[in-house]
Each structure stands twice: as structure tokens, then as C-alpha cells.
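Participant: Take this structure first; my questions come after.
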Amino acid sequence: MFSRQTLALTALTTVVTAQQFHLAQDFSGQNFFSGFKYNESAIDSNNFGNVHFLGQSQALSSNLTFIDSNGRAVIKVDNTTNGAGDITFGRNSVYLMSNELMTIGSLLVFDATHIPFGCSVWPALFTQGQQWPQQGEIDIVENVNQATKNQYSLHAGSTSGTCMAAQTSNQTGTTTSSNCTVDPLNNQNTGCVTQDASDNSFGSGFINNGGGVYATLWDENGVAMWFFERSQVPSDIGTNPNPSSWSTPAAFYPASGCNPSTIFGPQIITLYIDICGAFAGNDQVFASTCSSVAPNCSSMVTDPSNYNNAYWEINYLRVFTT
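Next comes the structure, spelled out in C-alpha cells:
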């Protein structure tokens, strides 16, 4: 665990200052998957659910990762195998981790036309330190089941877990949890969560509205996150981004009492789709949007037709640095 940070940073007068960014990593087109490794050994009985993460060769042969005819990267859950009668059945899926790390002073931009959703489905785009939770985690796209609003969150190994709680005056989203600290002994891993204001930021609304773009800036001022609906995407965002000219972020976690260069170590960019698990499979969470569909999460898993919308369709993922 990190010790409490004693460095108090100067109070921010603005969320983002003007900076010059250059392209450092470009995950797009035919080269998208070459930037990632497939984590087939991701096993966490306290978190993951009814899922088997495949290695690269299996994922490719099963058509769970590919570049479609529009040049977009597709990452999906198996929606063809019927698991009826198998009490140990887990659905095949994919867990990708970037080969290169993202460091402080970076802007991650993610453009997608489809995000996985549906009862029992738990997708996430996030970054994580090489040592977790000591080096932190930044959740960029995450929610479950039939939710319509995206959730942003930070997870920190530091005992000063509220030091980067979202600053509501400089964000459009709603803070729903303010404790960033991960405490495995007390099963505390909610993170400091901000919910996006837009019903088009996740789920069916995102898809029906043509998708959109998420951006995350991690620098000495803290962590700022944006979501832009397709009609509102800044013209500069994918080539020459200038966050200081953008609208107010959906979530802003200021560096007001700790140093974001030490709370977060160099980050691995991660994309996956889980099934059920600690979040989507939680009885209360599942019932909130799926009670009319099934009695519980695990009852969904054996029927492949429940996963026809459980896929990412990505135009690009780019990392810019200063």
C-alpha cells in the first residue's frame, strides 16, 4: 500500500490547461490487435464470473477478435455455443492488455460504434498499474446489464483514498462514491465513481445514437474524463487534440491532496468483456435492470442468443502524450 501523500498541490483554477500533444500509440485498423496481448490466465474467483478468457490463437479461430469490413476492431463474446445442461459452463470471451504502458501526461482517446451490453454482460475499458492495487486503476468505460449511463471511477492502493474524489463543480456527471481506496481485507473495491449525465453514454442508447468518443487526460492536475456523443465530437480529437478547448468533462478528479504521478504508476490499457461476476452478477444490481428478463444472472449464461450484443466495435484507440 502507498503511504499517505503529504504533497499538497496548488488549487486548480481550471480543469485543463493548454498543452501540445503528439501521437504515441495508435490502435486502429489492421494493426489494432498487434498492440495487445491476450490474457488467458485472468482468473479471479472474487471478481470474474461465468467466463473463460481465450488466448490469441483460440480467439482468432473462434472469430471472437477480428477486423470487420469497415476496418473496425471487433472484440466479442461467444454467441453460438449452447451450454444447456452443463452446470460448470462458462462463456468464451477476450481479455486484452496493451504491450506498451501509458504514463502520466497522457491523453487516451477511444472511438467506438458499439459497446457490449445486455443482461449478465460486464464490459470495461480501463487502465491498471503493473502492481494492483498499489499502482492504481482508471476506469474509462464500465457498466453492466441494461444500464444506460457510463460510469467512470478511480481505484487507488493509497490509504488516502478520498484525495482524488471527483470535484462536482468542474464536472457534468454525478458522484456516487467518493472512496477511491481498495481494501481487500474489507472487500472494498467500489472506487470513487462518477456517473455520466447522458443516457447515450452506455448500452442501447450509445449504439442507437451512432456511438461516440471517450477521452481521458491523466496529468499533474489529476484525471479528467469526457464523453462526446457522435454529433458533438470535437473535430481535433483524433489527430491534434486540445482538451483545453473542449466542454466541461463528465468526470474530474483533481490532484488536490496527493500526487497523481505516485498514486498511479505506469498504466496497462485493458479491454475485456466479463459475464456476471462481482458487478453484473450482484443480485441487487442485476435485478435493477434485468428482473423482468431472468431470476438471476447465472441463468442467462447457457443461452447464446443472450450475447448477440456483447461485442465492442472500435474505430480507434489512441494515446497522445505531452
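FYI, the numbering for the sequence shown is -18 to -1, 1 to 304, going by mature numbering (1 follows the signal peptide of the UniProt record, and there is no 0). Idealized CB from N, CA, C, for every residue including glycine.
1) Please determine, among N13, F268 and G72, the residue with the shortest C-alpha to C-alpha distance to F48.
2) Let me know the secondary structure DSSP gives P166 once reduced to three states.
3) H4 and F302 look like a contact to me (Cβ under 8 Å); what is the Cβ gap, rounded to whole Å?
4) Looking at the unbroken alpha helix (DSSP H) that takes in G194, where does it start and where does it end?
5) Exposed or buried, which one is S229 when buried takes at least 16 other CB atoms within 10 Å?
6) Name the DSSP beta bridge partners of R73, please?
7) I'd like to know whether the C-beta atoms of Y77 and Y196 end up nearer to each other than 8 Å.
8) Identify the residues that DSSP records as bridge partners of M79: which are they?
9) Between which two residues does the alpha helix (DSSP H) holding P265 run?
10) What first and last residue would you give for the alpha helix (DSSP H) that runs through G204?
11) Count the C-beta pairs between the region 97 to 108 and the region 199 to 216 that are closer than 8 Å, then say yes if the count reaches three, no if not.
12) Distance check for F108 and H137, CA to CA, integer angstroms please.
13) Thinking just about the alpha-carbon of each residue, which of Q1, S159 and F18 is nearest to the one in Q7?
14) Tell me the rounded alpha-carbon separation between N290 and F261.
15) Verify whether the separation of the beta carbon atoms of V91 and G220 is less than 8 Å.
16) To the nearest angstrom, how far is it from the Cα of residue 307 to the Cα of R54?
17) Between the Cα of Q177 and the Cα atoms of A232, S281 and G247, which residue gives the shortest distance?
18) Would you check if the distance between the CB atom of F30 and the CB atom of D256 is smaller than 8 Å?
19) Report the residue from P166, I25, A41 and L89 whose alpha carbon sits nearest the alpha carbon of Q2.
20) Comparing C-alpha positions only, which one of L199, Q112 and S80 sits nearest to V(-3)?
21) Cα separation between G139 and G173?
22) Does the distance from the C-beta atom of G67 to that of T130 stay below 8 Å?
23) Give the single residue among C258, D218, Q153 and G111 whose Cα lies nearest to the Cα of F246.
24) Compute the Euclidean distance between the alpha carbons of T304 and I296, then round it to the nearest angstrom.
25) How big is the Cα-Cα spacing for G37 and E202?
26) Who are the Cβ neighbours of Q133 in its own chain at under 6 Å, not counting the five residues just before and after it?
27) DSSP has T123 in a bridge; who is on the other side?
28) Work out the CA separation of N64 and A206 for me, nearest whole Å.
29) Judging by CA-CA distance, which residue of P166, N171 and W114 is the nearest neighbour of S159?
30) Beta-carbon separation of A106 and D121 under 8 Å?
31) Between the beta-carbon of C258 and the beta-carbon of V283, is there less than 8 Å?
Facilitator: To lay it out plainly:
1) Considering only alpha carbons, the answer is N13.
2) In the structure shown, the three-state DSSP call for P166 is helix.
3) About 6 Å; that satisfies the 8 Å criterion.
4) Counting along the chain, G194 falls outside any alpha helix (DSSP H), though it belongs to the beta strand (DSSP E) covering G194 to D201.
5) For S229, the number of other beta carbons within 10 angstroms of its own is below 16, and it is reported as exposed.
6) Beta-bridge pairing by DSSP links R73 to V33.
7) No, the Cβ-Cβ distance between Y77 and Y196 is not below 8 Å.
8) Note: M79 sits in a beta bridge opposite K19 and T252.
9) The displayed chain sequence assigns Asp, not Pro, to residue 265. Start and end: D265 to C272.
10) Boundaries around G204 are those of the beta strand (DSSP E), G204 to E211, since no alpha helix (DSSP H) includes it.
11) By the Cβ test, the region 97 to 108 is not in contact with the region 199 to 216, since fewer than three Cβ pairs between them sit closer than 8 Å.
12) Roughly 11 Å between the two C-alpha positions.
13) It is F18 whose Cα lies nearest to the Cα of Q7.
14) In a straight line, the C-alpha of N290 is about 20 Å away from that of F261.
15) Annotated as proximal: V91 and G220, with beta-carbon spacing under 8 Å.
16) What the structure shows of the chain is the stretch from -18 to 304, and residue 307 is not part of that stretch, so it cannot be assessed.
17) Looking at the Cα atoms, A232 is the closest of the given residues.
18) Cβ distance < 8 Å, so F30 and D256 count as in contact.
19) Comparing Cα-Cα distances from Q2 to each of P166, I25, A41 and L89, the minimum goes to L89.
20) Taking the Cα of V(-3) as reference, the smallest distance to any Cα among L199, Q112 and S80 is reached at L199.
21) Their backbone Cα atoms lie some 10 Å apart in a straight line.
22) Not in contact: G67 and T130 (Cβ atoms no closer than 8 Å).
23) When only C-alpha atoms are compared, the closest one is G111.
24) For T304 and I296, the distance between alpha carbons rounds to 25 Å.
25) Rounded to whole angstroms, G37 to E202 spans 36 Å at the Cα level.
26) Close CB contacts of Q133 within its chain, under the 6 Å cut and outside five residues either way in sequence, are with E124, N125, V175 and Q177 (chain order).
27) Rather than Thr, the amino acid found at residue 123 in this sequence is Val. For V123, which the question treats as bridged, DSSP gives the partners L107.
28) Roughly 42 Å between the two C-alpha positions.
29) Of the candidates P166, N171 and W114, the one whose C-alpha sits nearest the C-alpha of S159 is N171.
30) Yes, they are a contact pair.
31) Yes, they are a contact pair.
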